[in-house]
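Residue numbers (this note's numbering): 1106 to 1245.
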């Protein structure tokens, strides 16, 4: 992967629906070059899909939090697999340091959040958690 691929990925992360011609102009390369690079990145499994980003209030999920997760033994893959299917888990991040994973959570109400957190805490091999509810977000 070279700098053009990295710049292309950055542009697609910002808006995956940007027309190929627009991407080509921004990258100062031919349209066919962009199309070929996108195809190559998909075939190599570097780009594995495209998604929708929503405003934080679009789904009206009022409670947002970050949960730090400690895992016993070498069971991170199993825990990630269990979290991946949970409806309140927005994203999972691996980390270094004290915690093994960070999970971004969302729920409509505090009661729903409490239930979701209890369900997550009961996943086998989750040893301990620490949760911080997000009060506000500052746009950068």
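Glycine included, C-beta positions come from ideal geometry on N, C-alpha and C.
Please read all numbers here as calculations on a predicted model, not as lab measurements.
Inset, instruction - Could you tell me whether the stretch 1172-1184 touches the stretch 1131-1139, using the rule of 3 or more Cβ pairs below 8 Å? - result: No: fewer than three Cβ pairs fall under 8 Å.
Inset, instruction - Measure the beta-carbon distance from residue 1233 to residue 1178 and round it to whole angstroms, keeping in mind my assumption that it falls under 8 Å. - result: No, residue 1233 and residue 1178 are not in contact; Cβ-Cβ is about 13 Å, not under 8 Å.
Legend entry - Cβ-Cβ distance between residue 1217 and residue 1201 below 9 Å: No, they are not a contact pair.
Legend entry - residue 1215 versus residue 1148 - alpha carbon distance: In a straight line, the C-alpha of residue 1215 is about 43 Å away from that of residue 1148.
Legend entry - Classification of residue 1205 by the beta-carbon crowding that lies within 10 angstroms, buried from 16 upward: So residue 1205 ends up on the buried side.
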